[in-house]
Amino acid sequence: RRLYKTYNSLTITHRTLGLKTTKIYKIFHVCFFTHLLNTFLTRFTLFC
1413 RRLYKTYNSL TITHRTLGLK TTKIYKIFHV CFFTHLLNTF LTRFTLFC
């Protein structure tokens, strides 16, 4: 029973960590995408 309890707490902490990391990853992805878009737009305008 004790082992099961520790396993349960571990899975819960893993889930919360995963959620936090996914949030950070999403924010990072959006920032990176906007950065790429900005660079592409600036290059495009320079060519035009």
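Here the sequence shown is numbered in the numbering used here, starting from 1413 and rising by one per residue. Backbone N, C-alpha and C define an ideal beta-carbon position, used for all residues, glycine too. Every value quoted in this text rests on a predicted model; they were computed, and no experiment measured them.
- His1441 and Lys1417 have their C-alpha atoms roughly 36 Å apart.
- CA-CA distance, Leu1429 to Leu1458, rounds to 43 Å.
- The beta carbon of Lys1435 sits closer than 6 Å to none of the beta carbons in its chain outside the five residues before and after it.
- Boundaries of the alpha helix (DSSP H) around Arg1455: 1414–1459.
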